[in-house]
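First the structure, in the form of structure tokens, and then the observations on it.
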Amino acid sequence: MQQQKEICHAIARLHENILAVFFVQDGAIVEWRARPGIRMPGSHEMEGVMMQRFIMMSLAKNHETFLGRLHYVAGRYDDSDVLLFDHGRDEKSMLVVRVKRPYRMEVLAKKVSGILRSRKENLQ
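Each residue of the sequence shown is one higher than the last, beginning at 2 in my numbering.
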């Protein structure tokens, strides 16, 4: 849990427009970092996000043989974007990054992936 907390804090500091970072396991938020005033999703909402991610990533991963490895899935909403990352445990685990525009998605996603990868390597 301490490592997840450190990861949330490290990712939240990557860009001034990051609103929230959540580690989700089995549909429940197990660690988070959010700016003041950001509404936390309820368990029902997180289950919906998990299902959405599962469907989107499953469909996209079917094309990895010719497109390469899937790194993340992004959704654009009225006031912010949500980036969904696997964090290596199983299909019921994910990292959610909510960020308001403007920001550079490719740059942010690469930095988040780098943090996740370096933390995973430190565990091995």
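Glycine is no exception: its CB is placed at the ideal position from the N, C-alpha and C atoms.
Which of helix, strand or coil does DSSP assign to serine 94?
-> In the structure shown, serine 94 sits in a strand (DSSP, three-state: E or B).
What's the gap between the Cα of arginine 54 and the Cα of glutamine 3?
-> In a straight line, the C-alpha of arginine 54 is about 25 Å away from that of glutamine 3.
When DSSP builds the beta bridges, which residues end up paired with leucine 84?
-> In DSSP, leucine 84 forms a bridge with Ala75 and Val98.
Who are the near neighbours of valine 50 in its chain, counting only those whose CB is closer than 6 Å to its CB and skipping five residues on each side?
-> Closer than 6 Å at Cβ, skipping near neighbours: no residue.
Helix, strand or coil for isoleucine 19 per DSSP?
-> DSSP places isoleucine 19 in strand when its eight states are reduced to three.
Counting Cβ pairs, one atom from each stretch, are 3 or more of them under 8 Å apart for the stretch 76-96 and the stretch 113-123?
-> Below 8 Å, enough C-beta pairs join the stretch 76-96 and the stretch 113-123 to call them touching: three or more.
Less than 8 Å separating the beta-carbons of lysine 101 and asparagine 18?
-> Yes, the pair counts as a contact, with Cβ atoms nearer than the cut-off.
Would you kindly work out how many angstroms separate the C-alpha atoms of glutamine 125 and glutamine 26, rounded to a whole number?
-> Unreliable positioning characterises glutamine 125 in this predicted model, as indicated by a pLDDT of 47, which lies under 50. The coordinate reading is nonetheless provided below. Straight-line Cα distance between these residues: approximately 21 Å.
Is isoleucine 8 helix, strand or coil by DSSP?
-> In the structure shown, isoleucine 8 sits in a helix (DSSP, three-state: H, G or I).
Ordered along the chain, which non-local residues of its own chain (more than five positions away) have a Cβ less than 8 Å from that of isoleucine 30?
-> Counting only Cβ-Cβ distances below 8 Å, and skipping sequence neighbours, we find Phe23, Phe24, Met41, Pro42 and Met47.
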